[in-house]
Structure formats: C-alpha cells, structure tokens
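Chemist: The sequence shown: position 44 = 1225 (the working numbering), numbered continuously. Heads up, the beta-carbon is just placed ideally off N, CA and C, and yes, glycines get one too. All figures in this text were calculated on a predicted structure; none of them were measured in a lab.
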Amino acid sequence: MLKNFWWPLEFSHVVEEKPIRVTALEQEFVIYRTSNGTANVMSDLCVHRGGALSDGWMEGDCVVCPYHGWEFKPDGACSKIPAQPDLNVPKKARVDAYPTIERYGYIWAFLGDLPESERPPFPELPHFDDPKFRTIRGTYEWPVYYERAFENSLDAAHAPFVHGGAFGNRENPAIPDYQVTEYPLGGEMVVTLEPPKRNIPGIWKRLYKDDRPDVKTRAAFWMPCMTLLEVTLPMGLMVLFNFHIPVNEFKTITKWTQMRTFFKGKWADGDALKRVMKIFDQDYPIVVAQRPELLPYDIGAELSVKSDGIQIAYRKMRQKYIDMGWQIDIHRIKTEIGREEAVVIPSPARKGIPELEKAWVLKEVPTTAPKKKE
Ligand SMILES: [Fe+2]
1182 MLKNFWWPLE FSHVVEEKPI RVTALEQEFV IYRTSNGTAN VMSDLCVHRG GALSDGWMEG
1242 DCVVCPYHGW EFKPDGACSK IPAQPDLNVP KKARVDAYPT IERYGYIWAF LGDLPESERP
1302 PFPELPHFDD PKFRTIRGTY EWPVYYERAF ENSLDAAHAP FVHGGAFGNR ENPAIPDYQV
1362 TEYPLGGEMV VTLEPPKRNI PGIWKRLYKD DRPDVKTRAA FWMPCMTLLE VTLPMGLMVL
1422 FNFHIPVNEF KTITKWTQMR TFFKGKWADG DALKRVMKIF DQDYPIVVAQ RPELLPYDIG
1482 AELSVKSDGI QIAYRKMRQK YIDMGWQIDI HRIKTEIGRE EAVVIPSPAR KGIPELEKAW
1542 VLKEVPTTAP KKKE
C-alpha cells in the first residue's frame, strides 16, 4: 500500500452530514459533510482516549467525539474540551485531517504528509464527466490483497479462460502485441480482440445485426488503485472503472462504476449490474486462489510474457514509489497483550512543525516491527 496518493475512499452518494467510518489501508477514517456540503476526511481516532469520531455527531461544522464531547474542526484542530472549559486547548490536540476532493462520484483523500507542491497531481480520468453515458455503481468485496484484484482488472489474457462463457474467446486466445502508453500516474494498452462466435446472450442480442465484429479493448490504470476497462461494442461504448480499495492485507473492497452509451434507460440497469457481477464472480475463485497472496516485488519472481506488459508497467511504477519511501508498512503491530495498536498516516499539517510532528498520534505507521521485550 502506498501513501502520498489521492485515494478514493467512498462513493459521494453514501456520505451525508452524519459522520461515517470507512476502513482503508488498515486505517480508520471518518468522513462527513459540513453545512455547505463540503466532504471531509479525518482520522477516526480522537486524540484524547482514542474514541471513534464516526460514532459521534456534528455540532455546527465540528465533529463531536461521542466519548467526552471533544470537538474537532474540519482542519483537525480541537476547538472544545467540555470537561475543561477554561483550558486553552493545547496545540497538539488535533486529529489528522486529510486534503479531500470530491469528484467522479467519489470522495478522495490525499493520504500522506507531502505539502501541496510536492504531491502527485489529482488523476484525470476519462468519461466520468461525459453526459452521454448511463452510469451504475456498486461494490464487490473479496478476501484478497488489492493488487491481485487490480492486476486481474488489467489482464486481457485471462478472458478466454476465466470468462469463456461471457466475452472471452477460447478459440482465439492470442493477445496481439501492444505498446503500453504511459501516463504521468499510470498507463494504458489498446488491443483488438476477436469475440467468441456463439450467439449473444441476453438483451444485447437485440442490438447486434449479424456477426459479432472484433472488439477494440482498452485497459488502463492509474496510481494508486484505479483501473479502466473500455470496450467498443457495435452498439456503443461500455466502460468499467474499478477502484480497488485495500481494507487490510487480506480484504479488498472494489468500488466500481460501470458506464454505457446504449440501453440508457433505467430498465436496463439490472441487466448491466448482472453482467458486472458475473465477471467479478468468475474472477473471484481464481484471484482468491493466487499464491503468493501479495504481489511479488521482484519482477522476475513470476514468469511474465509480452502480453503481461501492462501489469509489468504497473509493477515498475509501483517500484519507483517504493524506492521513494512511499510504501506503508502493513505488518500488524501486536502489543504484549495481543492487541493491535492504533496507527495513523501522518497528514500534511504535521510537516515542518517539530513540536507537532510526532505528538498527535498514538503510533505512527511503523517502518519495522518493534523488537520483542525479553
Ligand atoms: Fe476477469
């Protein structure tokens, strides 16, 4: 898992004024809206006694911790300690607040402590702002590390075998040679694939005249967790964005958006949903069974071939950011009584204030596991 990227944490439509909890990257976040509708993401950990702010409520534009009523402003600063009304609130009484952007139907947080000028840019994603699409959204949960699900979404060569009953063609499983076009934060490949020669199932057959023509297929990714599959069908474009959000090392929630330029009535949404779910359900047993569970760091550790080019492009890009020190260590810390300690990704406001740099968290995200006491 990488810090210092814009992570899509939740769908916009899920978040209202009432604070909610979202678990991602082994952290707990609280997401809420202030009175003008602006979405905010903070660490869900009251700095006082570790209460969950997501169980609290709003008082004006402040989140109130349900345990002792401490109030926190959207920038993370504590503004009120009810038990000590005369106390000047100490500077270090803050929770980590993350820069938040709402776009493409998702709420994104910059999870890291880089100042604005050093951050990777917010990803420019195609299609989302185009009104010619009909859009549906949903989630898919799998007990896998997110990078396995991520690479699966980019992998054209598995379609004939895993999706042979849908769009894959086992008679012609060859992937034409392609070049990966790199973006600043990702890359894409475009290939033309021959669809299976059998009949079209379901309502799509209404839109097909005779044979199934070849299908232009584009697969793309953006750091840290987003993929796009775009297929040009005779009746229009079908687009599937998968945002693979790691809950922890062993669980991923894919928050997906499917868009289509045909059958744009609400009546066809159920059919579109069924098609997305069928693809995920076909991928599920394969990805769950992959070993090792984590994506190898050494590119030579698995045998890759030319048609895996886009996955290799991802692994190389990931390595670049690991080398920059952006990887979050995900080994769970166990205390002596076996409980995990709370960890928090440092937010930008901590940078450059030595007094505060370490002070506001129970524990920083560790880079190595602590030594066991003798
Ligand atoms: Fe698949």
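Which residue marks the beginning of the beta strand (DSSP E) containing Ile1467, and which one marks its end?
Modeler: That residue, Ile1467, is in no beta strand (DSSP E); its alpha helix (DSSP H) goes Asp1450 to Val1469.
Chemist: Are Val1420 and Arg1399 closer than 7 Å when you measure CB to CB?
Modeler: Cβ distance not < 7 Å, so Val1420 and Arg1399 don't count as in contact.
Chemist: Cα-Cα, which of Val1525, Lys1532 and Ala1530 is closest to Gln1208?
Modeler: Val1525
Chemist: Hey, is the region 1471-1484 in contact with the region 1342-1358, meaning 3+ C-beta pairs nearer than 8 Å?
Modeler: Judged by Cβ distances under 8 Å, the region 1471-1484 makes no contact with the region 1342-1358, as fewer than three pairs qualify.
Chemist: What span of residues does the alpha helix (DSSP H) with Pro1341 cover, start to end?
Modeler: In the DSSP assignment, Pro1341 falls within the unbroken alpha helix (DSSP H) covering Ala1340 to Val1343.
Chemist: Check this for me: beta carbons of Met1416 and Leu1454, under 7 Å apart or not?
Modeler: no
Chemist: Using the three-state DSSP reduction, which class does Val1211 fall into: helix, strand or coil?
Modeler: strand
Chemist: Would you report the Cα separation of His1308 and Gly1286, rounded to the nearest angstrom?
Modeler: 12 Å
Chemist: Roughly how many angstroms separate the alpha carbons of Ile1503 and Leu1226, rounded to a whole number?
Modeler: 27 Å
Chemist: Given that a residue counts as buried once 16 or more other Cβ atoms are within 10 Å of its Cβ, and exposed if not, what is Met1482?
Modeler: Here residue 1482 is Ala; the residue named in the question, Met, does not match the sequence. Counting the other CB atoms within 10 Å of its CB gives Ala1482 a total below 16, which places it among the exposed residues.
Chemist: Across which residues does DSSP place Tyr1321 in a beta bridge pair?
Modeler: In DSSP, Tyr1321 forms a bridge with Thr1435.
Chemist: Within the present structure, is the beta-carbon of Val1245 separated from the nearest heavy atom of ligand 1 by less than 6 Å?
Modeler: no
Chemist: Can you list, in chain order, the stretches of the beta strand (DSSP E) that have 3 or more residues and sit fully within the region 1189-1252?
Modeler: 1201-1205, 1208-1214, 1220-1224, 1238-1240 and 1243-1245
Chemist: Verify the contact flag: Val1343, CB atom, against every heavy atom of ligand 1, threshold strictly below 6 Å.
Modeler: yes
Chemist: Among His1249, Gly1257, Ala1233 and Gly1232, which one has its Cα closest to the Cα of Cys1243?
Modeler: Gly1257
Chemist: Is it the case that the Cβ atoms of Thr1442 and Leu1418 are separated by a distance below 7 Å?
Modeler: yes
Chemist: Give the DSSP-derived three-state secondary structure of Gln1265 in the structure shown.
Modeler: Secondary structure at Gln1265: coil, using DSSP grouped into helix, strand and coil.
Chemist: Is Phe1331 closer than 7 Å to Trp1187 when the C-beta atoms are compared?
Modeler: In this structure, the beta-carbon distance from Trp1187 to Phe1331 does not fall below 7 Å.
Chemist: Between Thr1215 and Gln1500, what straight-line distance do the alpha-carbon atoms span, to the nearest angstrom?
Modeler: 38 Å
Chemist: Which of the three DSSP states, helix, strand or coil, is assigned to Ser1260?
Modeler: strand
Chemist: Which residues bound the beta strand (DSSP E) around Gly1367?
Modeler: Gly1367 to Leu1374
Chemist: May I ask you to list the residues that DSSP assigns as paired with Ala1347?
Modeler: Paired residue(s): none; Ala1347 is not in a bridge.
Chemist: List the endpoints of the continuous alpha helix (DSSP H) containing Lys1397.
Modeler: Here Lys1397 belongs to no alpha helix (DSSP H); instead the beta strand (DSSP E) covers Val1396 to Trp1403.
Chemist: Are Val1211 and Thr1281 touching if we call contact CB-CB under 7 Å?
Modeler: Contact flag unset, no.
Chemist: What residue from Thr1316, Asp1358 and Pro1301 has the CA that sits closest to Gly1446's CA?
Modeler: Closest option to Gly1446, Cα to Cα, is Thr1316.
Chemist: Less than 7 Å between the C-beta atoms of Met1404 and Leu1366, yes or no?
Modeler: yes
Chemist: DSSP state of Met1182, grouped into three classes?
Modeler: coil
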